[in-house]
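K.L.:
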Amino acid sequence: MSNISFNKFYRKFNILSLILIVISLVFLIFKGLNYGVDFKGGTLIELRTTDKTNNISLIRDSFNQMNLGDVSVKKFGNETDFIVKFEKQNSNDPEFIKNIQNKLSSSIGNVDFRRVENVGPKVSSELLKSGIIAISLSLAAMLLYIWIRFEWQFSLGAILAIFHDVIITLGIFSIFSLEINLSIVAAVLTIVGYSMNDTVVIFDRVRENLRKYSDVKIFDLTNISINETLSRTIITSVTTLLALFSIYLFGGEILKGFSLAMILGVIFGTYSSIYIANPILVALNVSQRTIVKEEKD
Amino acid sequence: MLYFSKLRIISVIVFTIIFSYFAISNFVKFDDNFFSKNINLGLDLQGGSYLLLEIDNRPVITQKLQAKIIELKRYFKEKQITLKNFSLKGDTISFETTDNEIENVINILNDKDSDVNTYYPTYKSHEFDVLEDGNLFSLNYSRYGLVLLKNSSLDQAIEIVRRRVDEVGTNEPNILKRGNDRILVELPGLDDPNRIKSLLGKTANLTFQFISQNNEESFGTEKLSFEDGSRDAIVSKRIILSGDNLVDAKPTMNSQTNETVVSFSLDRVGAKKFGKATSTGVGKQLAIVLDGKIISAPSVREPIIGGSGQISGDFTFQSATDLALLLRSGALPAPLNIIEERTVGPDLGQDSIDAGILSLFIGFLLVILFMIYKYRAFGLIANLALVSNLFLLIGILTLFEATLTLPGIAGIILTVGMAVDANVLIFERIKEETKNEKNPIIAFDAGYTKSRTTILDANITTLIAAFILFFMGSGPVKGFSVTLGVGILTTLFSVYFIARLLTSLYVVKNKDKEQLL
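Written out as structure tokens, the structure is:
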């Protein structure tokens, strides 16, 4: 078993986390998130050109001539693949996409529309709403579960750890203007589950040790528990990250954002189980009495 | 924890083999009579279109309200109650009555057996909410009146949509109601959704109306423009015939002009009406109007009494075929808007499948190598459990014919990464136990027992997240939640039955060795 003094750095890492959270919140509030068409409405076209001389600015110019609002063009994997997003979404005109394709063919040659996503403003606001509800609901469900299984001090620690992970992950997406779409919501929910999972494993051990040692202070007790579960924490994060990196590198462009969010979430989830959840138990001065009292009730 | 009865061993093996068979049958075809189910590929993997249509009910509501005004006028006239100053503002009908009739009108409108304001006992509500202010009445659709109206227009629309999609002939379209004003259309394997989109976007309201020669028509006139936008014409509002009377329509070649035309035949009522109108209107121009645009306006040369005719109008064969299709399938009760479209081309779908399988394979391999490096023999056991976990997961998805999406594949890969967690928890616990307990059987047993609550806690939290995603998520994301959720269940099975069985066999056989784990 390892014997690392994690608890010596509780304060330092708490300050670091606090700084990261503040930075994330500042970005989230002032810069906001880069919503994809799922949540903002508009049109996304993934296209492949047959003419290799086509570049981003050429494609942007031809789209700009079509009066489609704000147009953004990005390379997407291959040299001939591009992703184009624009504000306009025309639900009254069923020929909308067809017309764009025709105009494009005459200006830059033959293009193949590999993927088209066209989301109206009503649908996008509904999707955003249901995404927010889903994340809030899962946080509430986790809170409820851990409240039933543990004492309130533990619930608070676990929930704060989850908030920490979700806020920082979204903060990073805001800072780097990475796109938030439906699959990112799925990733965030999975992060919530993973972070909880990780915290629960250490907390189970803390509770077990609280029963075992009555004379060890919570400050050291958390450290013992972290060390006892450390090899499991590392092995599980490594296998999960191996799987996620494999998706990130080989799973295709569409899954890049999803797997990136998950990778960040797993890293922060592992970190927060040690450096957010446990210091909270220390701050709340959890002792053997905390669990004995609860168990008598 | 380590003891397994013979019966249990056999059932675990049989169970695993059956589901592995289900899983493999997706890739290798065995006997179709025994098991012929397959995992469905989502639209993002097999290519195809997802369209969400919303009915614009405003014209229907206005139409119904106008009809209601006529009905109210007629009804109260029969009862010899005078109503005056009818008006329709927004969605509100208002009218006035004389002071001594107020009581009467209220009674009639709020009577549960009322003929003009239907009462729905199931909803305990009338079709219209009635508000009175002195002798001024206003009628609004009640909440349930509106719901019923929307439902009936949705029912009609979905029927028409189904006919149009079927006529185009795509394979296994999926057409579903969403709420009370939306229709979801999934068209797997469809290469080019443009044709279906333009077919679904048309209301296809066909009418025959005379072009008016003088502006004095008893029914009033309206100005309509031609389909090609070349000119406008003043048309009588009197509708001679509508698309409802059509029984068939098909594209044909007019042998005299060598033009593609749409020929139609009418039902008996329609034929009679058409015959009468064309006999009195010889020499007049008859406008053929589709969705408010004139397609063509031929002159009537002789009465048309046979109940069939032709529509000409610069058609290509394709556009004539589409018009005939629209006329055969009937008019939509209200316009449909496509409020969400997601189309994936078949080659992108195949690319996604390839990339998904490649990353699954690599992720799987990395995890397997890492586990062998970490735990040697027990790593092998954990890996065997992982392989059967994968087969079980795919087998269950096959049994329920679940839909596999790209995020769903990501869910499987993630399950592979997280599935070893339970075995890791157990193995690490056993390592701790062996420090104080020399008998490996007791140590292993304690390891399993003591880690059980932790494993349950940890998996239930992920299961909660998967459940919420399933109920809140849509489309591809739902596919992710399914594989994630089922993956947790198969993980628990593979850990507690398969891995534990193998562990117990191994430990019992090697119990005299030093340092098993």
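Residue numbers (our numbering), protein chains in the order written: chain W, 1 to 297; chain H, 1001 to 1517. A virtual CB, placed ideally from N, CA and C, is assigned to each residue, including glycine.
Please report the distance separating the alpha-carbon of residue 159 of chain W from that of residue 1408 of chain H.
P.N.:
Cα to Cα, the separation comes out at about 27 Å.
K.L.:
If we count the other Cβ atoms within 10 Å of its Cβ and call it buried at 16 or more, is residue 1447 of chain H buried or exposed?
P.N.:
Per the 10 Å Cβ criterion, buried.
K.L.:
Of the choices W:41, W:222, W:52, whose alpha-carbon is the least far from that of residue 69 of chain W?
P.N.:
The shortest Cα separation from residue 69 of chain W among W:41, W:222, W:52 belongs to W:41.
K.L.:
Ignore the nearest five residues each way along the sequence and tell me which others in residue 1162 of chain H's own chain have a CB closer than 6 Å to its CB.
P.N.:
Within the same chain, residue 1162 of chain H has close Cβ partners 1175.
K.L.:
Taking only three categories from DSSP, how would you classify residue 61 of chain W?
P.N.:
In the structure shown, residue 61 of chain W sits in a helix (DSSP, three-state: H, G or I).
K.L.:
When Cβ atoms are compared, which residues of the region 1247 to 1272 of chain H fall closer than 7 Å to chain W?
P.N.:
Within the region 1247 to 1272 of chain H, no residue has a Cβ that lies closer than 7 Å to any Cβ of chain W.
K.L.:
In terms of residues, what are the limits of the beta strand (DSSP E) holding residue 1223 of chain H?
P.N.:
Residue 1223 of chain H -> beta strand (DSSP E) spans 1221 to 1226.
K.L.:
Within the region 1154 to 1213 of chain H, note down every full beta strand (DSSP E) run reaching 3 residues or more, in order along the chain.
P.N.:
Entirely contained in the region 1154 to 1213 of chain H, the beta strand (DSSP E) runs reaching 3 residues are, in chain order, 1174 to 1178, 1182 to 1188, 1206 to 1210.
K.L.:
Does DSSP put residue 88 of chain W in a helix, a strand or coil?
P.N.:
Here residue 88 of chain W sits in coil by DSSP.
K.L.:
Please return the same chain residues whose Cβ sits closer than 7 Å to the Cβ of residue 27 of chain W, not counting the five positions on each side in sequence.
P.N.:
Around residue 27 of chain W: 171, 174, 175.
K.L.:
Excluding the 5 residues flanking residue 1221 of chain H on each side, which residues of the same chain have their C-beta closer than 8 Å to its C-beta?
P.N.:
1212, 1215, 1234, 1235, 1236, 1237, listed in sequence order.
K.L.:
Helix, strand or coil for residue 1249 of chain H? Go by DSSP, reduced to three states.
P.N.:
In the structure shown, residue 1249 of chain H sits in a strand (DSSP, three-state: E or B).
K.L.:
Any chance the region 1384 to 1402 of chain H sits against the region 1487 to 1504 of chain H, with 3 or more Cβ pairs inside 8 Å?
P.N.:
The region 1384 to 1402 of chain H, when compared against the region 1487 to 1504 of chain H, does touch it at the 8 Å Cβ threshold.
K.L.:
Along the alpha helix (DSSP H) that carries residue 1295 of chain H, what are the first and last residues, could you check?
P.N.:
No alpha helix (DSSP H) holds residue 1295 of chain H; the beta strand (DSSP E) holding it covers 1293 to 1296.
K.L.:
Within the region 1026 to 1068 of chain H, note down every full beta strand (DSSP E) run reaching 3 residues or more, in order along the chain.
P.N.:
As far as the region 1026 to 1068 of chain H is concerned, its whole beta strand (DSSP E) runs of at least 3 residues are 1048 to 1055.
K.L.:
By Cβ distance, which residues of its chain are closer than 8 Å to residue 186 of chain W, with the 5 residues on each side in sequence left out?
P.N.:
The answer, listed in chain order, is 258.
K.L.:
In the region 219 to 244 of chain W, which residues sit with their C-beta less than 8 Å from some C-beta in chain H, listed in chain order?
P.N.:
Going along the region 219 to 244 of chain W in chain order, one finds 228, 229, 231, 232, 235, 236, 238, 239, 240, 241, 242, 243, 244 with a Cβ nearer than 8 Å to chain H.
K.L.:
Can you give me the Cβ contacts of residue 1494 of chain H inside the same chain, cut-off strictly under 8 Å, excluding the 5 residues immediately before and after it?
P.N.:
The residues are 1385, 1386, 1388, 1389, 1392, 1419.
K.L.:
Assuming residue 1233 of chain H is part of the beta strand (DSSP E), what are its boundary residues?
P.N.:
Looking at the DSSP string, the run of the beta strand (DSSP E) that includes residue 1233 of chain H is 1232 to 1236.
K.L.:
To the nearest angstrom, how far is it from the Cα of residue 1081 of chain H to the Cα of residue 1101 of chain H?
P.N.:
Going by the C-alpha atoms only, they are around 7 Å apart.
K.L.:
If you draw a straight line from the C-alpha of residue 1504 of chain H to the C-alpha of residue 33 of chain W, how long is it?
P.N.:
Approximately 52 Å, taken between the alpha carbons.
K.L.:
According to DSSP, is residue 1003 of chain H part of a helix, a strand, or is it coil?
P.N.:
It is coil, neither helix nor strand.
K.L.:
I need the straight-line Cα distance from residue 1515 of chain H to residue 199 of chain W, nearest angstrom please.
P.N.:
Each residue's Cα considered, the two are about 30 Å apart.
K.L.:
Could I get the ranges of all uninterrupted alpha helix (DSSP H) runs contained in the region 1371 to 1426 of chain H, with 4 residues as the minimum, in chain order?
P.N.:
Qualifying alpha helix (DSSP H) stretches, in chain order: 1377 to 1399.
K.L.:
Using CA coordinates, which residue listed in H:1103, H:1210, H:1281 is at the minimum distance from residue 1131 of chain H?
P.N.:
Closest option to residue 1131 of chain H, Cα to Cα, is H:1103.
K.L.:
Is the beta carbon of residue 241 of chain W sitting closer than 8 Å to the one on residue 263 of chain W?
P.N.:
Yes; because the gap between Cβ atoms is below 8 Å, this pair is in contact.
K.L.:
Return the residue from the list H:1330, H:1180, H:1274 that minimises the CA-CA distance to residue 1055 of chain H.
P.N.:
Of H:1330, H:1180, H:1274, the residue nearest in Cα terms is H:1180.
K.L.:
Note the first and the last residue of the continuous beta strand (DSSP E) segment covering residue 42 of chain W.
P.N.:
First-last of the beta strand (DSSP E) with residue 42 of chain W: 42 to 49.
K.L.:
Distance check for residue 1288 of chain H and residue 1280 of chain H, CA to CA, integer angstroms please.
P.N.:
If you take the alpha carbons of residue 1280 of chain H and residue 1288 of chain H, they lie about 17 Å apart.
K.L.:
So who's on the other strand from residue 1016 of chain H, going by DSSP bridges?
P.N.:
Bridge partners of residue 1016 of chain H: none, in fact.
K.L.:
Counting pairs of Cβ atoms below 8 Å between the region 73 to 90 of chain W and the region 1365 to 1384 of chain H, do you hit three or more?
P.N.:
Verdict: no, contact absent.
K.L.:
Could you tell me which uninterrupted beta strand (DSSP E) segments, each at least 3 residues in length, are contained entirely in the region 1086 to 1141 of chain H, listed from first to last along the chain?
P.N.:
The region 1086 to 1141 of chain H contains these whole beta strand (DSSP E) runs: 1092 to 1097, 1128 to 1133, 1136 to 1141.
K.L.:
Grab me the residues of residue 1241 of chain H's own chain with a C-beta within less than 8 Å of its C-beta, minus the 5 sequence neighbours each way, in chain order.
P.N.:
Taken in chain order, the residues that qualify are 1207, 1208, 1266, 1270, 1273, 1274, 1277.
K.L.:
I want to see whether chain W comes within less than 8 Å of residue 1492 of chain H, judged by CB atoms only; does it?
P.N.:
Judged by the 8 Å Cβ criterion, residue 1492 of chain H is not in contact with chain W.
K.L.:
Can you name, in chain order, every residue of its own chain whose Cβ lies under 7 Å from the Cβ of residue 119 of chain W, other than the five neighbours on each side?
P.N.:
37, 38, 41, 42, 89, listed in sequence order.
K.L.:
Which two residues bound the contiguous beta strand (DSSP E) that contains residue 115 of chain W?
P.N.:
Residues 111 to 119.
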